[in-house]
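Residue numbers (the working numbering), protein chains in the order written: chain A, 1 to 332; chain B, 333 to 843; chain C, 844 to 933. Glycine included, every Cβ here is placed at the ideal spot set by N, Cα and C. Shown next, in structure tokens, is the structure this report addresses.
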Amino acid sequence: MSLEIKTTAIQQRRQTFANVARRLGADRPASRYEESMYDLQPEVNFHYRPTWAPEYELFDKSRTAITMEDWYAPRDPRQLYYGAYTIARSRMMEATEKNFAFVEKRQLLAAIAPAWAEIVRLYLLPLRHYEWGANMNNSQITAIGYGAAITQATQFITMDRLGIAQIISRVGLVMDGNAGDSLAAAKRAWMDDPVWQGVRRMVEDSLVLTDWFELLVAQNLSMDGMLYPLVYGRFDAGGQAHGAQGLSMLTEFMVDWQDDNAKWVDAVIKRVAAENDANRQLLSGWYAAWATRAQEALRPLADHVLGCDGVTALAEIRQALDARARKIGLLV
Amino acid sequence: MTTLLKEPKAKKLGLKERYAHLTRGLGWETTYQPMSKVFPFADYEGIKIHDWDAWEDPFRLTMDAYWKYQAEKERKLYAVIDSFAQNNGQMNITDARYINAIKIFLTGVSPLEYMAHRGYAQVGRHFVGAGPRVACQMQAIDELRHAQTQIHTISHYNKFFDGLHDSRHMHDRVWYLSVPKSFFDDAASAGPFEFLTAISFSFEYVLTNLLFVPFMSGAAFNGDMATVTFGFSAQSDESRHMTLGLEIIKFMLEQDEGNVPIVQKWIDKWFWRGYRLLTIVAMMMDYMLPKRVMSWAEAWEMYFEEAGGALFKDLARYGIREPKYADVARKEKGRLSHEAWCTFYNYTHAAAFHTWVPKEEELAWLSEKYPDTFDKLYRPRFEYWQKQQEAGKRFYNNSLPQLCTVCQVPMLFTEPDDPTKICFRRAEHKGETYHFCSDGCCDIFKDEPEKYIQSWLPVHQIFQGNCGGATIPDVLAWYHLNNGVDNLDYQGSPDQQLWDAWMKDRGKAGG
Amino acid sequence: MAQNVSITLQNTDEGRAIAAAILSDNPAATVASMPSLTKIDCPGRLEIRRDSVETQLGRDYDLQELQLSLISLAGNVDEDDERIVIAWKN
């Protein structure tokens, strides 16, 4: 008799939602990523024009010059939905917490040579403001971008950037014994120190970009693509000779995060570039303009930290970034 | 060990100080681009903020804690969802009629969670102060969570029951779903301060308890452990969101006296908009839960009259009063759910869920909960419809209803002081006449006519030929609504047949 | 008479411990039980103390963990490491 219950119970009428079945081409079981991402954003029959942008619908394809037959084509290779995202980040953060505890208990940051510690304060701590700018830019893309496939991922990046800004701030608090004066000094440097002004100007200029896809390329490919390898690669390597191994433990989150995030950035841009030639031209132009901008803006900082090796480091990073851009279909 | 490792001498940071260090200092005054260009929407609504740093963060959540606690919630939630599916939890609910409430939830509420996600991302970018911006960003990602966890939970029901298969498509087209859609489009198309007053304050703080707390408790009572788990799990985020709602109101009121009348106007508008939206929740509570926890009227008393009363008393020190037309809501509380259910009973052939005449014991419960109204005004209708149905003449109203231009609910509400007379209001604008269900909606229109004349009114759209054709089957096909399956009375529906077969098997197994 | 503040908790083991801590620290609080949840009302002001919750749970407790058990609340919230206060100012 219990067998009978089982047979009635497993008579499913359908395997997934109809919109997902249409996309998969058949009614077959779908992943959680697919069911909770596809078609999530409304596309038609909006009731009112936004009072803050009456020339557009609430969600409007014409807010970028990029065109896509289907804005759900640029999928996330990591297949992150909210649950998968938070669980992944909580694991990364758990490791970071252990590293903080380890470094604080053994006072490993005190082992950094004093002159290098000064350099660290100048190159690392003001980055909390750079991250806050990146947070704003990704929140902007989330607000006015098109299609949940992209905007849900940028929502995750928005929070990642806040989290990274807070990790950087915590490094400052470890360095100054929780007084907070290192953070105040970092803000002064961000506002006034000549080594930072090119970067700050670039970030502020990005904050007023109107094409959200240009913003996506500028922030998440060009600017990050230059800055992350410079700071968490070259600067960090430079610190190894000055006792900064403990610091590397605290910034490992950023290295892992950038690897993970680049998978998404590359997949999205690759798919959008492959859509049509006009897209490819636009993306290539945006990439090159903002990468060049970042390379120039970072020059004073690179010189300050790496001395005469700074300019070469930037050139090498640019070369690698160009190779990455070519690999995802951009014309470089 | 202590000789090897010196204890760190750093002073201990309290929660408030730590949060301030990690959040507050992040923003800066831009100089290469003017602040007015970086934050272009900061003052067009007329709200004056003199000191963004005066913002008080009630929950001082940093991202490390956010990831940790949210991940823990998600692990628990998905464990429940998985075990619900593996154990065929759909068979343990009290009655398949209950699933119709879930259909309304997925088609009507989950898309709003998504809209909230995008709306908070907008405010999370454009508010000038770092404190409120972080709170909005956390809410933006939480709302995405709610949309996704609801879809994941209900995914299992979709495999067995009808009407859940194409919620996104339906939300943007089906006539009654324009009520929730227009509500959120209205908020999202407003400026950042009005959006927060609408959603964080009026909706989250004043009204969502009515949706989530008694209804989710009802879901538990009806054996729907999956829904109750996402409901309460979402609600734990809502407590943070509600607190943001109260803080933003206090912040605006404290910053400038000139903000008070603007905020009061928004409170009036959004109370009424939200209250009209909750009509459908009233109906879900009184008619769609086979086992009931409390009536709509009781929930309204507990969550609006008592809790809302305390709130507005607290805000009186700023010169804020109870929302306009709260007295009308009080007068309607004994009728709202019945008027709505009767309307859907008549139009269920055009809806993606089933309706029914309540069973005898359910009618008795309604009589007990609504002693002043039910037996006099509504019971006779149900008894008549029941007889008609037994005689094979289930009544469906094949005309198209007139909709209120603002809330978009069909004209089903009665005069505040006469429950036998349908309430109609009208207003002229540029030579056109517009129709409303109430003084509340009429006032909202008159204050912003240029906004509401844009409304995508489903019945107008059908008449204009924008909805797949001129006949009801044409329109239903355009809705992706399976005629004869998703719609009509519960009696005789495929849902009922499936459920009865399960129960028969269970009876055999048991006995 | 002071208006009620309110907190609603899930009926889980932790929720039960938090409710017990609240009731021991706020003698004027009253309890209403519904399926799966517990609603606690208290005139004017209600306090959740970390040390009381720790006593109830028998382990260290971070008040931010309240996130995991909370369903709803009504009143102005102020939180620090030791306690959460929910209050009306009138």
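Range of the contiguous beta strand (DSSP E) that encloses C:ALA875: In the third sequence, counting from the first residue as 1, residue 875 of chain C sits at position 32. Looking at the DSSP string, the run of the beta strand (DSSP E) that includes C:ALA875 is 873-877.
With three or more C-beta pairs closer than 8 Å as the rule, is the region 314-327 of chain A touching the region 238-247 of chain A? Taking 8 Å as the limit for Cβ pairs, the verdict is that the region 314-327 of chain A does not touch the region 238-247 of chain A.
Within 9 Å (strictly less), CB to CB, does B:ASN591 reach chain A? In the second sequence, counting from the first residue as 1, residue 591 of chain B sits at position 259. Taking a beta-carbon distance threshold of 9 Å, B:ASN591 does not count as an interface residue toward chain A.
Can you check whether the CB of A:GLU43 is closer than 9 Å to the CB of B:ASP396? What you label residue 396 of chain B is simply residue 64 of the second sequence in a count that begins at 1. What you label residue 43 of chain A is simply residue 43 of the first sequence in a count that begins at 1. In terms of Cβ geometry, B:ASP396 and A:GLU43 do not form a close pair [threshold 9 Å].
Starting from the beta carbon of C:LEU911, find every residue of chain B whose beta carbon is closer than 7 Å, and list them in chain order. In the third sequence, the residue the question calls residue 911 of chain C occupies position 68. Under the 7 Å cutoff, chain B gives TYR401, GLU404, LYS405, SER568.
Along chain C, which residues have their Cβ under 7 Å away from the Cβ of B:THR752? Residue numbering aside, residue 752 of chain B sits at position 420 when the second sequence is read from its first letter. Chain C residues near B:THR752: none, gap ~34 Å exceeds 7 Å.
Should B:GLN418 be labelled buried (16 or more other beta-carbon atoms within 10 Å of its own) or exposed? Within the second sequence, numbered from 1, the residue matching residue 418 of chain B stands at position 86. Counting Cβ neighbours within 10 Å, B:GLN418 comes out exposed, since fewer than 16 surround it.
Below-9 Å beta-carbon distance, C:ALA863 vs any chain B residue: Locating residue 863 of chain C in the third sequence gives position 20, where the first residue counts as 1. Interface with chain B (9 Å Cβ-Cβ cutoff): C:ALA863 is excluded.
Buried or exposed (CB count within 10 angstroms, at least 16 for buried), B:MET574: In the second sequence, counting from the first residue as 1, residue 574 of chain B sits at position 242. With 16 or more other Cβ atoms from the protein chains shown falling within 10 Å of its own Cβ, B:MET574 counts as buried.
For chain C, find out if any of its Cβ atoms is closer than 9 Å to the Cβ of B:SER571; answer yes or no. Looking up residue 571 of chain B in the second sequence gives position 239. True, the Cβ-Cβ gap to chain C drops below 9 Å.
Among the candidates B:CYS674, B:PHE644, B:CYS739, B:ASP618, whose CA atom is the shortest distance from the CA of B:GLU715? Indexing the second sequence from 1 puts residue 715 of chain B at position 383. In terms of CA proximity to B:GLU715, B:CYS674 leads the group B:CYS674, B:PHE644, B:CYS739, B:ASP618.
Interface positions of the region 805-816 of chain B facing chain A (Cβ-Cβ less than 8 Å), listed along the chain: Per Cβ criterion, the list reads HIS812.
Which value, in whole angstroms, describes the spacing of the CA atoms of B:GLN887 and A:TYR48? The structure shown does not extend to residue 887 of chain B, since chain B is modelled only from 333 through 843, so no value can be given for it.
Give me the subset of the region 634-650 of chain B whose CB atoms are less than 8 Å from a CB atom of chain C, sorted by chain position. So the close ones are GLU638, ALA639, GLY641, ALA642, LEU643, LYS645, ASP646, ALA648, ARG649.
Beta-carbon neighbours of A:GLN79, restricted to chain B and to distances below 7 Å: On the first sequence, residue 79 of chain A is found 79 positions in, with the first residue counted as 1. In chain order: nothing, as chain B lies at least about 12 Å away.
Inter-residue Cα distance where the pair is B:HIS503 and A:GLY83: Numbered from its first residue, the second sequence carries residue 503 of chain B at position 171. Numbered from its first residue, the first sequence carries residue 83 of chain A at position 83. Taking the straight line from one Cα to the other gives about 24 Å.
Applying a beta-carbon distance threshold of less than 7 Å, which residues of chain C neighbour B:VAL412? Stepping through the second sequence from its first residue, residue 412 of chain B is reached at position 80. Here the premise fails: no neighbours, minimum Cβ distance about 12 Å.
At which residues does the alpha helix (DSSP H) containing A:GLN155 begin and terminate? Position 155 of the first sequence, counted from the start, is the residue given in the question as residue 155 of chain A. The continuous alpha helix (DSSP H) containing A:GLN155 extends over residues 148-175.
Expressed to the nearest angstrom, what Euclidean distance is found between the alpha-carbon atoms of C:VAL874 and A:MET136? Taking the third sequence and counting its residues from 1, one reaches residue 874 of chain C at position 31. Taking the first sequence and counting its residues from 1, one reaches residue 136 of chain A at position 136. Taking the straight line joining both Cα atoms gives about 44 Å.
What does B:GLU760 pair with, by DSSP beta-bridge criteria? The sequence position of residue 760 of chain B within the second sequence is 428, counting from 1. Bridge partners of B:GLU760: B:THR765.
Pairwise C-alpha distance: A:ILE167 and C:LEU911: Here residue 911 of chain C refers to the residue found at position 68 when the third sequence is read from its first residue. Here residue 167 of chain A refers to the residue found at position 167 when the first sequence is read from its first residue. Roughly 24 Å between the two C-alpha positions.
Is the region 259-269 of chain A touching the region 298-317 of chain A in the sense that three or more CB pairs, one from each, lie closer than 8 Å? The count of Cβ pairs closer than 8 Å, one atom from the region 298-317 of chain A and one from the region 259-269 of chain A, stays below three, leaving the stretches out of contact.
For the region 348-362 of chain B, enumerate the residues whose C-beta is nearer than 7 Å to any C-beta of chain A, in chain order. Residues HIS353, LEU354, GLY357, LEU358, GLY359, TRP360, THR362.
What is the rounded straight-line gap between the Cα of B:PRO805 and the Cα of B:CYS799? Stepping through the second sequence from its first residue, residue 805 of chain B is reached at position 473. Stepping through the second sequence from its first residue, residue 799 of chain B is reached at position 467. In this structure, the alpha-carbon of B:PRO805 lies about 11 Å from that of B:CYS799.
Less than 9 Å between CB atoms is the rule here; does A:SER62 satisfy it with respect to chain B? If you number the first sequence from 1, residue 62 of chain A lands on position 62. With 9 Å as the cut-off, A:SER62 does not count as an interface residue toward chain B.
Starting from A:ASN135, follow the beta strand (DSSP E) in both directions and report where the run begins and ends. Indexing the first sequence from 1 puts residue 135 of chain A at position 135. Counting along the chain, A:ASN135 sits inside no beta strand (DSSP E); it lies in the alpha helix (DSSP H) bounded by residues 127-144.
What is the DSSP secondary structure of B:ARG711, reduced to helix, strand or coil? Numbered from its first residue, the second sequence carries residue 711 of chain B at position 379. Here B:ARG711 sits in helix by DSSP.
Limits of the beta strand (DSSP E) - the one that C:LYS932 falls within: For the purposes of this step, residue 932 of chain C is taken as the residue at position 89 of the third sequence. Neither: C:LYS932 is in no beta strand (DSSP E) and is coded neither H nor E.
Give the secondary structure of B:THR481 by DSSP, where H, G and I count as helix, E and B as strand, and everything else as coil. The residue given as residue 481 of chain B occupies position 149 in the second sequence. Assignment of B:THR481 by DSSP, reduced to helix, strand and coil, places it in the helix class.
Is the separation between the beta-carbon of B:LEU578 and that of A:LEU173 shorter than 9 Å? Here residue 578 of chain B refers to the residue found at position 246 of the second sequence. Here residue 173 of chain A refers to the residue found at position 173 of the first sequence. Not closer than 9 Å, so no.
Per DSSP, which one or two residues make a beta bridge with B:LYS623? Against the second sequence, residue 623 of chain B aligns to sequence position 291. Partner(s): none; B:LYS623 has no beta bridge.
Just the chain A side, please: which residues come within less than 9 Å of B:TYR446 by C-beta, in chain order? If you number the second sequence from 1, residue 446 of chain B lands on position 114. Correct list: LEU40, GLN41, PRO42, ALA148.
Neighbourhood of A:TYR85 by C-beta distance below 8 Å, restricted to the same chain and skipping five residues each side: Mapped onto the first sequence, residue 85 of chain A falls at position 85. Hits under 8 Å: PHE156.
What does B:ILE328 pair with, by DSSP beta-bridge criteria? The requested residue 328 of chain B is not part of the displayed model; chain B covers only 333 to 843.
Excluding the 5 residues flanking B:ARG450 on each side, which residues of the same chain have their C-beta closer than 8 Å to its C-beta? Residue numbering aside, residue 450 of chain B sits at position 118 when the second sequence is read from its first letter. Hits under 8 Å: ALA472, ALA520.
Using the C-alpha atoms, what's the distance from A:TYR130 back to B:CYS736? One-based indexing of the second sequence puts residue 736 of chain B at position 404. One-based indexing of the first sequence puts residue 130 of chain A at position 130. B:CYS736 and A:TYR130 have their C-alpha atoms roughly 49 Å apart.
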